[in-house]
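Beneath this line is the structure, given in structure tokens, with notes to follow.
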Amino acid sequence: MAGAGLAAVAAWVPCRSWGWAAVSFGPHRGLSALLPRKPQRAPRWLPVCRQKTSVSFLNRPDLPKLAYKRLKGKSPGVIFIPGYLSNMNGTKALAIEEFCKSLGHACIRFDYSGVGESDGKLEECTVGKWRKDVLSIIDELAEGPQILVGSSLGGWLMLHAAIARPDKVMALIGVATAADGLVTQFNQLPVEVKKEVEIKGVWSMPSKYHEDGVYHVQYSLIKEAEHHCLLHSPIPVTCPIRLLHGMKDEIVPWHTSMQVADRVISKDVDVILRKHSDHRMREKADIQLIVYTIDDLIDKLST
Numbered sequence: 001m002a003g004a005g006l007a008a009v010a011a012w013v014p015c016r017s018w019g020w021a022a023v024s025f026g027p028h029r030g031l032s033a034l035l036p037r038k039p040q041r042a043p044r045w046l047p048v049c050r051q052k053t054s055v056s057f058l059n060r061p062d063l064p065k066l067a068y069k070r071l072k073g074k075s076p077g078v079i080f081i082p083g084y085l086s087n088m089n090g091t092k093a094l095a096i097e098e099f100c101k102s103l104g105h106a107c108i109r110f111d112y113s114g115v116g117e118s119d120g121k122l123e124e125c126t127v128g129k130w131r132k133d134v135l136s137i138i139d140e141l142a143e144g145p146q147i148l149v150g151s152s153l154g155g156w157l158m159l160h161a162a163i164a165r166p167d168k169v170m171a172l173i174g175v176a177t178a179a180d181g182l183v184t185q186f187n188q189l190p191v192e193v194k195k196e197v198e199i200k201g202v203w204s205m206p207s208k209y210h211e212d213g214v215y216h217v218q219y220s221l222i223k224e225a226e227h228h229c230l231l232h233s234p235i236p237v238t239c240p241i242r243l244l245h246g247m248k249d250e251i252v253p254w255h256t257s258m259q260v261a262d263r264v265i266s267k268d269v270d271v272i273l274r275k276h277s278d279h280r281m282r283e284k285a286d287i288q289l290i291v292y293t294i295d296d297l298i299d300k301l302s303t
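Here's what the structure looks like:
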């Protein structure tokens, strides 16, 4: 759990069929009370045949061109912010777009600079540059209020976007939110390993999610990321926040979501833990939880 500053927990609500528990941090009617009434919607986002959305490109002066796919529709719109080195064609991104299509709501998914079909050199990318990518998508492509869904690194960036664009970001959904993640993981390394990384300029970070078994992270990226850490002080985000996390996450501990819940100043915060889910949270039940959470927030923002 987070530290002593954690707000009083309203309720732990286990759910036998879903395998998750919700922790409510605010005086609101929580997600756990709302989800069971909507099982009839589940089949709508499981398509027999997907229609492919064409790739478009956002041109930016002096910045890499960003690849994106946009589904037009009602407000609030949904923007999916992927994880570290993930692209817009992942399981969660596609399922969220399909769900938004079933409801007639707008949806945007995109690739960071240096990743996927976007321009840019990965070795030159930083958390600050990816933050600018997210803000470019919000400023140039999104119409009206938005719900941001951030996965891992995307969860860290969605918090920055909510701070920078409070007039457009109406709600946040973090999936295995990796706030301060790269910096925290690096700082936990033995002193001699950190010194070696500093000398070499590259950290070979082990990962079972990469085909080579490691991510080659530039030391310059880690040092730059220190300027974007959020967990050391109150996070000035006031919109509704839902933080979903698997308790089998070996990359970002679920306690990180508890820390985020403790640090944000919003009064409307839920943390939902899935006992058997890993970092990716892309199994069917995980996806159901994500889209039901989107549905819940659309209802909340529309009433």
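By full-length UniProt numbering, the letter at position 125 of the sequence shown is numbered 125, and the numbering carries on one by one without gaps.
Think of the CB as a built atom: it goes at the ideal place given N, C-alpha and C, for glycine as much as any other residue.
Check                                                                                                                             : Outcome
Every unbroken alpha helix (DSSP H) within the region 213 to 272, with a cutoff of 4 residues, ordered by chain                   : 219 to 225 and 255 to 263
Start and end residues, beta strand (DSSP E) containing residue 205                                                               : 202 to 206
is_contact[residue 200, chain C] using C-beta, thresh 8 Å                                                                         : Note that chain C does not occur in the displayed structure, where there is just one protein chain.
Residue nearest to residue 118 in terms of C-alpha spacing, selected from 130, 93, 64 and 281                                     : 64
Proximity below 8 Å, CB of residue 243 to CB of residue 217                                                                       : no
Residue range of the unbroken beta strand (DSSP E) whose run includes residue 88                                                  : From DSSP, residue 88 is part of no beta strand (DSSP E); its letter is neither H nor E.
Local Cβ density within 10 Å of residue 27, reported as buried at 16 or more and exposed below that                               : The predicted model places residue 27 with a pLDDT of 49, which falls under 50 and marks its position as unreliable; any figure quoted below should be read in that light. So residue 27 ends up on the exposed side.
The beta strand (DSSP E) enclosing residue 175, as first and last residue numbers                                                 : 169 to 175
Reduced DSSP secondary structure (H/G/I, E/B, other) of residue 285                                                               : helix
Under 8 Å between C-beta atoms of residue 128 and residue 88                                                                      : no
Reference residue 183, options 230, 106, 196 and 213, closest by Cα                                                               : 230
Candidates 200, 74, 228 and 280, of which the one nearest residue 250 by Cα                                                       : 280
Three-state secondary structure assigned by DSSP to residue 129                                                                   : helix
Where the alpha helix (DSSP H) containing residue 160 begins and where it ends                                                    : 153 to 164
Rounded distance between the beta-carbons of residue 168 and residue 138, thought under 8 Å                                       : 6 Å
Minimum C-alpha distance to residue 264 - residue among 131, 82, 98 and 239                                                       : 239
Cross-strand partners of residue 69 (DSSP beta bridge)                                                                            : 109
Residues bridged to residue 57 (per DSSP)                                                                                         : 67
Rounded distance between the beta-carbons of residue 80 and residue 72, thought under 8 Å                                         : That pair is no contact at about 15 Å.
Residues that residue 149 bridges to, as DSSP identifies them                                                                     : 80 and 173
Beta-carbon contacts of residue 252 that lie in its chain and below 6 Å, excluding the five residues immediately before and after : 176, 178 and 181
6 Å CB neighbourhood of residue 283 in its chain, flanking five on each side removed                                              : none
One or two residues paired with residue 74 in a DSSP bridge                                                                       : 105
Endpoints, alpha helix (DSSP H) assigned at residue 189                                                                           : Taken as a continuous stretch (DSSP letters only), residue 189 belongs to no alpha helix (DSSP H), as it is neither H nor E.
The region 101 to 109 contacting the region 199 to 208, beta-carbon criterion three pairs below 8 Å                               : no
Between the CA atoms of residue 247 and residue 273 - distance to the nearest angstrom                                            : 6 Å
Beta-carbon contacts of residue 210 that lie in its chain and below 8 Å, excluding the five residues immediately before and after : 85
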